[in-house]
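K.L.:
Chains as they are written, first to last, in our numbering: chain A, 5 to 251; chain B, 24 to 484.
#1: Flag residue 164/A as yes if its beta-carbon sits less than 9 Å from any beta-carbon of chain B, otherwise no.
#2: Taking the alpha carbon of residue 138/A as the reference point, which residue from 33/A, 211/A and 114/A has its own alpha carbon closest?
#3: Counting only runs that start and end within the segment 115–143 of chain B, where is the beta strand (DSSP E) found for 3 or more residues in a row?
#4: Under 9 Å between the Cβ atoms of residue 118/B and residue 126/B?
#5: Give the straight-line distance between the Cα atoms of residue 253/A and residue 61/A, rounded to the nearest whole angstrom.
#6: Are any of the Cβ atoms in chain A nearer than 9 Å to that of residue 438/B?
#7: With distances taken Cα to Cα, identify the nearest neighbour of residue 57/A among 231/A, 71/A and 126/A.
#8: With DSSP collapsed to three states, give me the class of residue 11/A.
#9: Quick test of the definition: if touching needs 3 or more C-beta pairs under 8 Å, does the segment 259–270 of chain B touch the segment 342–353 of chain B?
#10: Determine which residues of the segment 463–475 of chain B have a Cβ less than 8 Å from any Cβ of chain D, and write them out in chain order.
#11: So, does the segment 92–110 of chain B touch the segment 240–252 of chain B, judging by three or more C-beta pairs under 8 Å?
#12: Determine, using beta carbons only, whether residue 236/B and residue 217/B come nearer to each other than 9 Å.
#13: Helix, strand or coil for residue 320/B, going by three-state DSSP, please let me know.
#14: Residues of chain A with CB closer than 8 Å to the CB of residue 279/B, please, in chain order.
#15: Between 144/B, 191/B and 366/B, which has its C-alpha nearest residue 111/B's C-alpha?
#16: Rounding to the nearest angstrom, what Cα-Cα distance links residue 99/B and residue 122/B in this structure?
#17: Counting only the same chain and skipping the five closest in sequence on each side, list residues whose C-beta sits under 8 Å from that of residue 354/B.
#18: Give me the residue from 229/B, 312/B and 310/B with the minimum Cα distance to residue 293/B.
#19: Let me know the secondary structure DSSP gives residue 227/B once reduced to three states.
#20: Below 7 Å CB to CB, which residues in the same chain sit around residue 135/B once its five sequence neighbours on both sides are set aside?
#21: Spatial neighbours of residue 43/A within its chain, please: C-beta separation below 6 Å, excluding the five flanking residues on both sides.
#22: Which chain B residues are close to residue 147/A, counting only those with a beta carbon under 7 Å from its beta carbon?
#23: Helix, strand or coil: which one does DSSP assign to residue 253/B?
#24: Let me see if you follow: with CB-CB separation under 9 Å, is residue 446/B close to chain A or not?
#25: So, using beta-carbon positions, are residue 398/B and residue 331/B closer together than 9 Å?
#26: Identify the contact partners of residue 227/A in chain B, using a Cβ-Cβ distance below 7 Å as the criterion.
#27: Kindly indicate if chain A contains any beta-carbon less than 9 Å away from that of residue 38/B.
#28: Quick check on residue 347/B - is its C-beta less than 9 Å from some C-beta in chain A?
#29: Which class does residue 44/A belong to by DSSP, given the choice of helix, strand or coil?
#30: Given residue 180/A, which residues of its chain have a CB within under 8 Å of its CB, disregarding the five upstream and five downstream residues?
#31: Thinking just about the alpha-carbon of each residue, which of 404/B, 403/B, 379/B and 439/B is nearest to the one in residue 183/A?
#32: Is residue 353/B helix, strand or coil when you go by DSSP?
#33: Which residues in chain B sit within 7 Å of residue 231/A, going by Cβ to Cβ distance?
#34: Does DSSP put residue 184/B in a helix, a strand or coil?
#35: Hey, how far is the Cα of residue 38/A from the Cα of residue 410/B?
#36: Check whether the Cβ of residue 66/A lies closer than 9 Å to any Cβ atom in chain B.
In structure tokens form, the structure reads like this:
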């Protein structure tokens, strides 16, 4: 097991509404992983949702209220981690825009937003650890989600973490940068187009012969996993946090 | 106008279309990536292009007047058109004045936007499209489906059949050279007899009144040099300040558009040159909704677009649905933000939602238009103007209220768990009322026995 060479930090977990409600195992894995690395995890109780869905569907007023709530709940935290690139992207990229015309909120967003980080970013970029002491003896392919690529610019960060996992056979996903077709309410409003995109994503995943498809966003994994399950494809989706937490 | 989801549904079923689009867009996409990768200062070029275009938009009134004065100094005439109808009347009158019954046209999206061919047709004037792909689309009686390659939805067998019947060439093969030769023979006759040509413009230079068309085939050059009368229809956003600014745009455009280092034909002309080229030159400056776009502080960036179409070729939506689903001559991501702004969001309320917000478009845009941000902004305008569904509004409000308090949220989680139980079979949800659009093709995991926060509480207890 890798020994961390950095100082332990106190990390507030922003678990996200989706993970909290539908995929708690990702939140649990995040807590166990960070604690195993010697960090202290807190869970501010008043947290709910970052407002991404409202924002992306056009409900700016509602999204702004949820942004207010977020900065109030997490305002005093030094490091805030979320196992979701798209929720982190919402806070860092879109909160400043939501706060335009509201100087008080803009100030709070300025203070809080840079302290909100995605899990792989916290580990590999902020804390400088790549080998987290995990073992996961499976053939895995990784889907770089759109927000992790183009909003957070994570680049090869998640891959570096995956490559350090014992027993893990990492297979490159063809056309990996293509969107899976989730896009929040897009998957429902434009269900046919979303399904066409998903079909191609599933095809490339099956081409890898991987047994696990991983990512840093449970929303995309829910989408991809839902199709893999319906097809009885014999491939399961597992959030990166869960791979890194397994020993 | 049929909404995007329904139009896309029809297009997605067309397997030939899917194949044609997939092959063509991935080819251009790869070519673009290679052409861009060899420019060491590409990012600086993008910044320069973006800065120039933003400067033009900030000072558009001044640049337009400067351009008008320069064109007239050089012997041309400038006409101002508020909308499509006015532009159609202006052009029709000029053509009528010449007595011509047929005009040749170089590919122009702007004239497609204002449906100029129809306006001229009503006045008894035939329009011959001279761009090869535009000609194909015109012969097929269809609309263009891509900014750069209007006939991208057609393969060469389909084109051969079209030429066989239209040009009376029953023996024609689907060899690209033979197809091009057939079109060439047809078009040469038209060029030599045409007295009037209509063009669009890629750039209009304020300082000198110079107009520029950038193309691959040379048919545009025929149009802008052979006829006696030349009418150029220009959207007011096409201005650039000075000739030296072309240095930036003539690098950005071909590499982004066709993936070439340089396009084969770049034509520039300034007013009239006695004894050489058209002796009667008119510019029609078109608004048609552009000043409304300019008035929107977030949306105005859209007018920076140089119509390269790189965003189409990387868009996961466009590359599957094709252009016709967008119901406009401007398809793809740029169309999804431009059309609703030109026509008003209530006229095209589904277009801002025709994107998964994946951000691939913004990544390739040569003038750095933040298309995802503008899409989100326009969605807010759709909601503000009440053009969205009432049921959605109610659901979104209820959800926001739920997220507004931890106790309400926790209670909703418990209710959701209880409510989903009857639909869980064999450890999965295959069908769920209200989620039909999802569960038609995707399973859902069962709602877990414990939420994360319940686990956390239990652990702390």
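Ideal placement from N, C-alpha and C gives every residue a C-beta, glycine not left out.
P.N.:
Per the coordinate set shown:
#1: no
#2: 33/A
#3: 125–128
#4: yes
#5: No answer is possible for residue 253/A: it lies beyond the span of chain A, which begins at 5 and ends at 251.
#6: no
#7: 71/A
#8: coil
#9: no
#10: Of the chains in the structure shown, none is chain D; the protein chains are A and B.
#11: no
#12: no
#13: coil
#14: Chain A residues near residue 279/B: none, gap ~18 Å exceeds 8 Å.
#15: 144/B
#16: 20 Å
#17: 168, 169, 170, 335, 341, 345, 346, 347 and 348
#18: 229/B
#19: strand
#20: 167 and 352
#21: 12, 13 and 15
#22: Result: empty, since nearest Cβ-Cβ is about 12 Å, beyond 7 Å.
#23: strand
#24: no
#25: no
#26: 465
#27: no
#28: no
#29: strand
#30: 146, 147, 148 and 208
#31: 379/B
#32: coil
#33: 464 and 465
#34: helix
#35: 46 Å
#36: yes
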